[in-house]
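A.B. asks: Let me begin by handing over the structure; questions about it come next.
In full-length UniProt numbering, the protein residues as written are 1 to 82.
Shown next, in the form of structure tokens:
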């Protein structure tokens, strides 16, 4: 089912780009956030051999999202090296 999961993530990205373009005249910002590999129960079940300490903790992901909401940047691109 990982193929469907990947396609759905791409769909969210494409939809958010389209929505951002359509809402630009109304000065409404649209963000899509894909944190990549995050330490979750779903991931732990899928990859039991993986060291969870090498993954981003959900708390750090939440902190970044809160910063994004507060700062209201025009565009954000972050590469975690994954």
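We put the beta carbon where it would ideally sit given N, CA and C, even for glycine.
Does DSSP classify residue 56 as helix, strand or coil?
C.D. replies: Position 56 of the chain shown, counted from the first residue, corresponds to residue 56. When DSSP states are grouped into helix, strand and coil, residue 56 belongs to the strand group.
A.B. asks: Return the first residue and the last residue of the alpha helix (DSSP H) that residue 41 is part of.
C.D. replies: Sequence index remark: in the chain shown, residue 41 carries index 41 (1-based). Residue 41 -> alpha helix (DSSP H) spans 41-46.
A.B. asks: Can you give the Cα-Cα distance for residue 24 and residue 11, rounded to whole angstroms?
C.D. replies: If you number the chain shown from 1, residue 24 lands on position 24. If you number the chain shown from 1, residue 11 lands on position 11. Cα to Cα, residue 24 sits roughly 20 Å from residue 11.
A.B. asks: Starting from residue 15, follow the alpha helix (DSSP H) in both directions and report where the run begins and ends.
C.D. replies: Sequence index remark: in the chain shown, residue 15 carries index 15 (1-based). Unbroken alpha helix (DSSP H) run through residue 15: 2-23.
A.B. asks: Is it true that the segment 19-39 meets the segment 55-66, where meeting means three or more beta-carbon pairs spaced less than 8 Å apart?
C.D. replies: yes
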